[in-house]
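Following: one structure in structure tokens, then a few remarks.
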Amino acid sequence: MTPSIVELRDVHVVHKARSGGLFGRDHVHALTAADLAIAPGETVGIVGESGCGKSTLAKVLVGVQRPTAGSVTFRGDDLWATASVRRRTALGAGVGMIFQDPSTALNRRLTVRQIVRDPLDVHRRGTSAERDGRVRELLGLVGLPKALADVLPGQLSGGQRQRVAIARALALEPDLVVADEPTSALDVSVRAQILNLLLDLKERLGLALVFVSHDIQTVRRMSDRVVTMYLGRIVEETPAADVLDRSRHPYTRALFSATPGLLDPIDPIPLIGPVPSATRPPSGCPFRTRCWRADDVCAGTMPDFEGAGGHVFRCHHPVREDQSTHDLVREVAVQEAAPATLRA
Ligand SMILES: Nc1ncnc2c1ncn2[C@@H]1O[C@H](COP(=O)(O)OP(=O)(O)OP(=O)(O)O)[C@@H](O)[C@H]1O
Ligand code: SF4
Ligand SMILES: [Mg+2]
């Protein structure tokens, strides 16, 4: 098996709640017991509703968020057990990150050339002339005309700014690029261009790509593997080709049913229970307050991962592999119609 670029084992991230809570002691469980390995060259999409921990996971993968517990192994080295200088050098060169909003992610006082050159200067790559050459090469790679090298980010369009951010992320030839909502701050008309650019670069440069987006259908189309998160937990990893109608976790099915294809429209699977808080996650399975299949077993223990062959899920009562989403919509309707006493 090819060694992973980065691997998380039992990673937890707990924040002090921003609001403080009644006694000022509330904690947010942003990421709980996450295991994830990213292999060279693969594209992994991360989906889940707002606040479920996608950005936290992305930041742990690129080493800007230190886990409260658990380990992050980067090319075989335990990242947070190594000296900070070595960690920064390894990560700075090995991973690139692209953020949601290019207008805040770029230093607005530097020119495009300076922004793209900065990582080369910090990591002392090559001679000054070689760095100039690399900047020209990078701008070409992301499709920015040479004439834009000396302008400030404020003079660029949103799409051009995101191209600058991509060029900067690629400057040190990383093996892994993590893109957290790379298009959601952009005009709809340029989103596809930026996504296509990322996919094209990934192919040409052999990058591994971790892609976070609210646009789950785009994630599905772009990815080899889809990771579903719910309330700080990874609850399923599915080969992208199977995620629409062969995923096994009820939440993954519900999520992907919400944006049906135009050719085969279906009613989405409704989720009606209370949305739990990341400061007080429910006992057992975190999805049980909204899951139509929940019972006492679900309230008692968090299910372990089961499955194989790149498809794993955590659920006590998984959806059958051959069960259609139409069928699940019917199943939920029957469950909702049953008197409360008969429900599990
Ligand atoms: N620095 C912080 N301090 C306190 N809480 C935080 C902090 N960063 C994130 N959180 C909380 O951790 C949880 C996970 O946040 P995260 O940003 O990872 O979610 P997300 O899935 O990326 O959400 P979105 O889709 O809205 O970007 C949320 O409840 C969020 O409010
Ligand atoms: S473990 Fe239970 S509550 Fe959680 S997703 Fe599976 S059936 Fe639903
Ligand atoms: Mg986020």
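Each residue of the sequence shown is one higher than the one before, starting from 856 at the first, in the numbering used here. Cβ coordinates follow ideal geometry from the N, Cα and C atoms, glycine included.
| said: Just to confirm before moving on: does the CB-CB distance between Phe954 and Glu1036 stay below 9 angstroms? | reply: yes
| Between His1181 and the rest of its own chain, which residues show a CB-CB distance below 7 angstroms, the 5 nearest in sequence each way excluded? | Ile1121
| How should Arg1080 be labelled, buried or exposed, when 16 other C-beta atoms within 10 angstroms of its C-beta is the threshold for buried? | buried
| said: Please return the same chain residues whose Cβ sits closer than 8 angstroms to the Cβ of Gly1014, not counting the five positions on each side in sequence. | reply: Leu1041, Asp1042, Val1045, Gln1048, Ile1049
| message | In whole angstroms, give me the CA-to-CA distance for Leu1197 and Thr1083. | response | Bear in mind that a pLDDT of 48 at Leu1197, under 50, signals an unreliable position, so the number given afterwards is only what the model happens to contain. Distance between the alpha carbons of Leu1197 and Thr1083: 30 angstroms.
| task | Please check the pair Ala894 and Val869, which I expect to be a contact at CB under 8 angstroms, by giving their CB distance rounded to whole angstroms. | result | No, Ala894 and Val869 are not in contact; Cβ-Cβ is about 28 angstroms, not under 8 angstroms.
| message | Are there any heavy atoms of ligand 3 lying less than 8 angstroms away from the beta-carbon of Val1067, as far as the coordinates show? | response | The beta carbon of Val1067 sits closer than 8 angstroms to at least one heavy atom of ligand 3.
| request: Given a cut-off of 9 angstroms, decide if Gly951 and His978 are closer than it, judged by their beta-carbon atoms. | output: No. Outside cutoff.
| Between the region 1007-1023 and the region 964-974, do at least 3 Cβ pairs fall closer than 8 angstroms? | yes
| said: Taking the alpha-carbon of Gln1178 as reference, which of Leu1099, Cys1170, Ala1095, Trp935 has the nearest alpha-carbon? | reply: Leu1099
| task | Measuring alpha carbon to alpha carbon, tell me which of Asp1005, Gln1190, Leu1056, Leu1011 ends up nearest Ala1026. | result | Leu1056
| When DSSP labels each residue in this structure, what does Asp865 get in the three-state scheme? | Three-state DSSP puts Asp865 in a strand.
| Who are Ile855's beta bridge partners in DSSP? | It is not possible to answer for residue 855, since the shown part of the chain is limited to 856 through 1199.
| request: Kindly identify the DSSP beta-bridge partner or partners of Lys871. | output: His882
| Out of curiosity, what's the CA-to-CA distance linking Ala1199 and Gly1128? | For Ala1199, the pLDDT reaches just 45, beneath the cut-off of 50, and the residue's location in the model is therefore unreliable, leaving the point undetermined.
| request: Taking Glu862 as the reference, give the member of Val915, Gly988, Val990 with the closest Cα. | output: Nearest of Val915, Gly988, Val990 to Glu862, Cα basis: Val915.
| message | Buried or exposed, going by whether 16 or more other CB atoms sit within 10 Å of the CB of Thr959? | response | So Thr959 counts as exposed.
| Ile953 in three-state terms, based on DSSP | strand
| query | Among Cys1146, Arg986, Arg964, which residue has its Cα nearest to the Cα of Pro974? | reply | For Pro974, the nearest C-alpha among the options comes from Arg986.
| request: Look at the Cβ atom of Pro1173, then the Cβ atom of Pro1105, and state whether they are nearer than 9 angstroms. | output: yes
| query | So, is Lys909 buried or exposed, given that buried needs 16 or more other C-beta atoms within 10 angstroms? | reply | buried
| query | Cβ of Asp1150 versus every heavy atom of ligand 2: is any distance shorter than 8 angstroms? | reply | yes
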